[in-house]
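Asks:
Number of protein chains: 2
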Amino acid sequence: MTNDSIRWQKIASEPGPELPLFKVRYDLLRHPSSGEEFRRMVLEAPEWVNVVATTTEGQLVMVEQYRFGIGDFTIESVGGIADEGEAPIDTAKRELLEETGYGGGVWQSLGAVQANPATQNNLVHIWHADGVQLIKEQDLDPGEAIRVHLMSVDQVKEVIADGRFLNVIALTAVARAYPIWDYVSGDNP
Amino acid sequence: MTNDSIRWQKIASEPGPELPLFKVRYDLLRHPSSGEEFRRMVLEAPEWVNVVATTTEGQLVMVEQYRFGIGDFTIESVGGIADEGEAPIDTAKRELLEETGYGGGVWQSLGAVQANPATQNNLVHIWHADGVQLIKEQDLDPGEAIRVHLMSVDQVKEVIADGRFLNVIALTAVARAYPIWDYVSGDNP
Numbered sequence: 007m008t009n010d011s012i013r014w015q016k017i018a019s020e021p022g023p024e025l026p027l028f029k030v031r032y033d034l035l036r037h038p039s040s041g042e043e044f045r046r047m048v049l050e051a052p053e054w055v056n057v058v059a060t061t062t063e064g065q066l067v068m069v070e071q072y073r074f075g076i077g078d079f080t081i082e083s084v085g086g087i088a089d090e091g092e093a094p095i096d097t098a099k100r101e102l103l104e105e106t107g108y109g110g111g112v113w114q115s116l117g118a119v120q121a122n123p124a125t126q127n128n129l130v131h132i133w134h135a136d137g138v139q140l141i142k143e144q145d146l147d148p149g150e151a152i153r154v155h156l157m158s159v160d161q162v163k164e165v166i167a168d169g170r171f172l173n174v175i176a177l178t179a180v181a182r183a184y185p186i187w188d189y190v191s192g193d194n195p
Numbered sequence: 007m008t009n010d011s012i013r014w015q016k017i018a019s020e021p022g023p024e025l026p027l028f029k030v031r032y033d034l035l036r037h038p039s040s041g042e043e044f045r046r047m048v049l050e051a052p053e054w055v056n057v058v059a060t061t062t063e064g065q066l067v068m069v070e071q072y073r074f075g076i077g078d079f080t081i082e083s084v085g086g087i088a089d090e091g092e093a094p095i096d097t098a099k100r101e102l103l104e105e106t107g108y109g110g111g112v113w114q115s116l117g118a119v120q121a122n123p124a125t126q127n128n129l130v131h132i133w134h135a136d137g138v139q140l141i142k143e144q145d146l147d148p149g150e151a152i153r154v155h156l157m158s159v160d161q162v163k164e165v166i167a168d169g170r171f172l173n174v175i176a177l178t179a180v181a182r183a184y185p186i187w188d189y190v191s192g193d194n195p
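Protein chains in written order, with the numbering used here: chain A, 7 to 195; chain B, 7 to 195.
(1) For the alpha helix (DSSP H) containing B/Pro94, list its first residue and its last residue.
(2) Would you call A/Gly41 buried or exposed, if buried means 16 or more other Cβ atoms sit within 10 Å of its Cβ?
(3) Do you know offhand how far A/Gly107's Cα is from A/Ala151's?
(4) Cα separation between A/Glu82 and A/Ser39?
(5) Comparing C-alpha positions only, which one of A/His37, A/Val57, A/Tyr32 and A/Pro123 sits nearest to A/Tyr184?
(6) Can you pull the chain B neighbours of A/His197, defined as C-beta to C-beta under 9 Å?
(7) Can you pull the chain B neighbours of A/Ile76, defined as C-beta to C-beta under 7 Å?
(8) If the cut-off is 9 Å on Cβ atoms, which residues from the stretch 13-38 of chain B count as contacting chain A, listed in chain order?
(9) Between A/Pro21, A/Phe28, A/Lys16 and A/Ala181, which lies nearest to A/Gly117 when the distance is taken from Cα to Cα?
(10) I want to verify the contact list: residues of chain A whose CB lies under 7 Å from the CB of B/Leu102, in sequence order.
(11) Can you grab the Cα-Cα spacing for the pair A/His131 / A/Val119, in whole Å?
(12) Output the residue ranges of the beta strand (DSSP E) runs that lie fully inside the stretch 10-57 of chain B and measure 3 residues or longer, sorted by chain position.
(13) A/Trp113 versus chain E: which residues are under 9 Å apart at the beta carbon?
(14) Strictly under 9 Å for the Cβ-Cβ distance: is A/Glu105 near chain B by that measure?
(15) On a CA-only basis, which of B/Ile141, B/Phe28, B/Pro123 and B/Asp10 is nearest B/Gly111? Give me that one, please.
(16) For B/Ala167, which of B/Glu105, B/Ile175, B/Trp187 and B/Ala179 has the nearest alpha-carbon?
(17) Which term fits A/Thr178, buried or exposed, when burial requires 16 or more other beta carbons within 10 angstroms of its beta carbon?
(18) For B/Ile17, I'd like the list of residues in its chain whose CB is within less than 7 Å of its CB, leaving aside the five on either flank, ordered along the chain.
(19) Report the option in A/Phe28, A/Asp89 and A/Leu102 whose CA atom is closest to the CA atom of A/Glu143.
(20) Can you check whether the C-beta of B/Ser40 is within less than 9 Å of a C-beta belonging to chain A?
(21) In the structure shown, what three-state DSSP assignment does A/Glu143 receive?
(22) Look at the alpha carbon of B/Gln15 and the alpha carbon of B/Ser115, and state the distance between them as a whole number of angstroms.
(23) Pull up the distance between the alpha-carbon of B/Ser158 and that of B/Val174, whole angstroms please.
(24) Which runs of the alpha helix (DSSP H), 4 residues or longer, sit entirely within the stretch 135-185 of chain B?
(25) Whose C-beta lies closer than 8 Å to the C-beta of B/Glu90 among residues of the same chain, with five residues either side of it excluded?
(26) Just to confirm the assignment, what range does the beta strand (DSSP E) spanning A/Gln71 have?
(27) Does B/Ala181 come within less than 9 Å of chain A when only Cβ atoms are used?
(28) Look at the alpha carbon of B/Asn194 and the alpha carbon of A/Arg13, and state the distance between them as a whole number of angstroms.
(29) In the DSSP assignment, what are the bridge partners of A/Ile81?
(30) Kindly indicate if chain A contains any beta-carbon less than 9 Å away from that of B/Glu219.
(31) How many Å lie between B/Leu146 and B/Val154 at the Cα?
(32) Taking just the CA atoms, how far does B/Asn128 sit from B/Arg46?
(33) Using only CA atoms, which one of B/Ala98, B/Tyr72, B/Leu66 and B/Thr62 lies nearest to B/Gly149?
(34) Am I right that A/Val84 and A/Glu105 are in contact with their C-beta atoms under 8 Å? What's the rounded C-beta distance?
(35) Using a C-beta to C-beta distance shorter than 8 Å, which residues of chain A count as neighbours of B/Ser11?
(36) Is there a Cβ from chain B that is less than 9 Å from the Cβ of A/Asp193?
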């Protein structure tokens, strides 16, 4: 079965308004069956990263910060945005070290996910860093204010349950490394 | 321990440029320790939904479509955006029926997650709909082109592995209902 019946044809692209964090692009596309033209927004962004870091004592390195989108605090695994020309693995190691002071350990890729394939063009690269240690002080940007928490998996499940850890990207990162979900359906059809 | 050391104070808000899907707002906020002022972008959006639907035969109802952000096809559980004044559960039932023709079944809330707490103000509400049946034809918007796939959990794991199912919101929805991840670390510290 080919995908021709659901494949859109891009006709043109033009830049959108200036925004922080994203570069807005508008694409003009032709619907696969009706031929009608639609204008769709794409938010171009650098690659993102997320790091599930486990200390040599077996605790997860989590960060608490005020998040401007929701206007409230969250607890999450460390995330970040790649600088221009920076490999995602280097972004991940840099962000973990800057935001928490933890580094070292054995790094394993947990693959990449799409934050929002409908509107964003980038991927979120996920790692598990096992056996990290505190090797320096936090080194935050002037625009950051972050508190570090060392947590057991049970404590992580508690902050999910009480609504403080709901960031879907960080949830997926942690869920790739540790069994945090109680499945509603354990049956495997 | 209070959060005063990481609590930002909002000083002012102003509207940003016009965009589809999001209403852009800029907040002016004061850093908790330095007192320096920063302008942060918030993308205001209606509530989003995602539905893990299982047929009476035990198959998952998945949708394949061309995603404009990544410029490629994805396979996912059904997602959608609440109309103005629409309760998220009604959005979820409407979107499943419109995009796939499946309905009915027993609906269980799997909670809500944040698509991006750093920039977005909305939540994604997740449901498991167990025992759905094909009750009508697809009823797509003019701007949609969607193919329905009925898949076993093993088939879902295959399209995750081959990179066709990477939408982090839908991955979390399915992972809440079915054990799709092989944990890199099964230890529970």
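Ideal placement from N, C-alpha and C gives every residue a C-beta, glycine not left out.
Replies: Looking at the coordinates:
(1) Start at 1 with the first residue of the second sequence, and residue 94 of chain B comes out as number 88. Counting along the chain, the alpha helix (DSSP H) containing B/Pro94 begins and ends at Pro94 to Thr106.
(2) The residue given as residue 41 of chain A occupies position 35 in the first sequence. Here A/Gly41 is exposed, its C-beta having fewer than 16 other C-beta atoms within 10 Å.
(3) Taking the first residue of the first sequence as position 1, residue 107 of chain A is located at position 101. Taking the first residue of the first sequence as position 1, residue 151 of chain A is located at position 145. A direct Cα-to-Cα measurement between A/Gly107 and A/Ala151 gives close to 14 Å.
(4) Sequence index remark: in the first sequence, residue 82 of chain A carries index 76 (1-based). Sequence index remark: in the first sequence, residue 39 of chain A carries index 33 (1-based). Taken atom to atom, the span from the alpha-carbon of A/Glu82 to that of A/Ser39 is near 43 Å.
(5) As a working mapping, residue 184 of chain A is identified with position 178 in the first sequence. Ranking A/His37, A/Val57, A/Tyr32 and A/Pro123 by Cα distance to A/Tyr184 puts A/Val57 first.
(6) Outside the displayed span of chain A (7 to 195) sits residue 197 of chain A, for which this structure offers no information.
(7) One-based indexing of the first sequence puts residue 76 of chain A at position 70. In chain order, Gln120, Pro123 and Asn127 make up the part of chain B whose C-beta sits under 7 Å from the C-beta of A/Ile76.
(8) So the close ones are Arg13, Trp14, Lys16, Gly22, Pro23, Glu24, Leu25, Pro26, Leu27, Phe28, Val30, Tyr32, Asp33, Leu35, His37 and Pro38.
(9) In the first sequence, residue 117 of chain A corresponds to position 111, counting from 1. It is A/Ala181.
(10) Start at 1 with the first residue of the second sequence, and residue 102 of chain B comes out as number 96. Residues of chain A whose Cβ lies closer than 7 Å to the Cβ of B/Leu102 do not exist, since the nearest Cβ in that chain is about 17 Å away.
(11) In the first sequence, residue 131 of chain A corresponds to position 125, counting from 1. In the first sequence, residue 119 of chain A corresponds to position 113, counting from 1. Taking the straight line from one Cα to the other gives about 7 Å.
(12) List check, beta strand (DSSP E) in window: 15-24, 29-36 and 43-50.
(13) The structure shown has no chain E; the protein chains it does contain are A and B.
(14) Locating residue 105 of chain A in the first sequence gives position 99, counting from the first residue. No, A/Glu105 does not count as interfacial toward chain B.
(15) In the second sequence, residue 111 of chain B corresponds to position 105, counting from 1. Per the C-alpha coordinates, the member of B/Ile141, B/Phe28, B/Pro123 and B/Asp10 positioned closest to B/Gly111 is B/Ile141.
(16) In the second sequence, the residue the question calls residue 167 of chain B occupies position 161. Looking at B/Glu105, B/Ile175, B/Trp187 and B/Ala179, the one whose alpha-carbon comes closest to that of B/Ala167 is B/Trp187.
(17) As a first step, residue 178 of chain A is located in the first sequence; it is residue number 172 there, counting from the start. Looking at its Cβ environment, which holds 16 or more other Cβ atoms inside 10 Å, A/Thr178 is buried.
(18) Taking the first residue of the second sequence as position 1, residue 17 of chain B is located at position 11. Excluding positions up to five away in sequence, the list reads Leu34, Leu35, Arg36 and Glu43.
(19) For the purposes of this step, residue 143 of chain A is identified with residue 137 of the first sequence, where counting begins at 1. If we check each option's Cα against that of A/Glu143, A/Leu102 comes out closest.
(20) Reading the second sequence from its first residue, position 34 is the one you call residue 40 of chain B. For B/Ser40, at least one C-beta of chain A is nearer than 9 Å to its own C-beta.
(21) For the purposes of this step, residue 143 of chain A is taken as residue 137 along the first sequence, with counting starting at 1. Looking at A/Glu143 - three-state DSSP - the assignment turns out to be coil, as it is neither helix nor strand.
(22) Counting from one through the second sequence, the residue named residue 15 of chain B turns up at place 9. Counting from one through the second sequence, the residue named residue 115 of chain B turns up at place 109. A straight-line Cα-Cα distance of about 34 Å links B/Gln15 and B/Ser115.
(23) As a first step, residue 158 of chain B must be located in the second sequence, where it is residue number 152. As a first step, residue 174 of chain B must be located in the second sequence, where it is residue number 168. B/Ser158 and B/Val174: Cα-Cα distance of roughly 19 Å.
(24) Runs found: 159-167 and 174-183.
(25) By one-based count along the second sequence, residue 90 of chain B stands at place 84. Taking C-beta separations shorter than 8 Å and ignoring five residues to either side along the sequence, the partners of B/Glu90 in its chain run Pro52, following chain order.
(26) Indexing the first sequence from 1 puts residue 71 of chain A at position 65. Taken as a continuous stretch (DSSP letters only), the beta strand (DSSP E) holding A/Gln71 covers Leu66 to Arg73.
(27) Taking the second sequence and counting its residues from 1, one reaches residue 181 of chain B at position 175. Answer yes: the Cβ-Cβ gap between B/Ala181 and chain A drops below 9 Å somewhere.
(28) Here the question's residue 194 of chain B lines up with position 188 in the second sequence. Here the question's residue 13 of chain A lines up with position 7 in the first sequence. Any reading at B/Asn194 must be qualified, since the residue scores a pLDDT of 37, below 50, and its modelled position is unreliable; no value is offered.
(29) Within the first sequence, residue 81 of chain A is the residue found at index 75, counting from 1. Paired residues: A/Glu70.
(30) This structure leaves residue 219 of chain B out entirely; chain B is present only between 7 and 195.
(31) Residue mapping note: residue 146 of chain B aligns to position 140 of the second sequence, counting from 1. Residue mapping note: residue 154 of chain B aligns to position 148 of the second sequence, counting from 1. CA-CA distance, B/Leu146 to B/Val154, rounds to 12 Å.
(32) Sequence index remark: in the second sequence, residue 46 of chain B carries index 40 (1-based). Sequence index remark: in the second sequence, residue 128 of chain B carries index 122 (1-based). Distance from the CA of B/Arg46 to the CA of B/Asn128, rounded to the nearest whole angstrom, comes to 16 Å.
(33) Counting from one through the second sequence, the residue named residue 149 of chain B turns up at place 143. Nearest to B/Gly149 by alpha-carbon distance, out of B/Ala98, B/Tyr72, B/Leu66 and B/Thr62, is B/Tyr72.
(34) In the first sequence, counting from the first residue as 1, residue 84 of chain A sits at position 78. In the first sequence, counting from the first residue as 1, residue 105 of chain A sits at position 99. The beta carbons of A/Val84 and A/Glu105 sit about 5 Å from each other, so the pair counts as a contact at 8 Å.
(35) The residue labelled residue 11 of chain B in the question sits at position 5 within the second sequence. Near B/Ser11 (Cβ distances below 8 Å), the residues of chain A are Ala151 and Arg153.
(36) Position 187 of the first sequence, counting from 1, holds the residue named residue 193 of chain A. With a pLDDT of 42 at A/Asp193, under the threshold of 50, the modelled position of this residue cannot be trusted; read the value that follows with caution. Chain B contact via Cβ: present.
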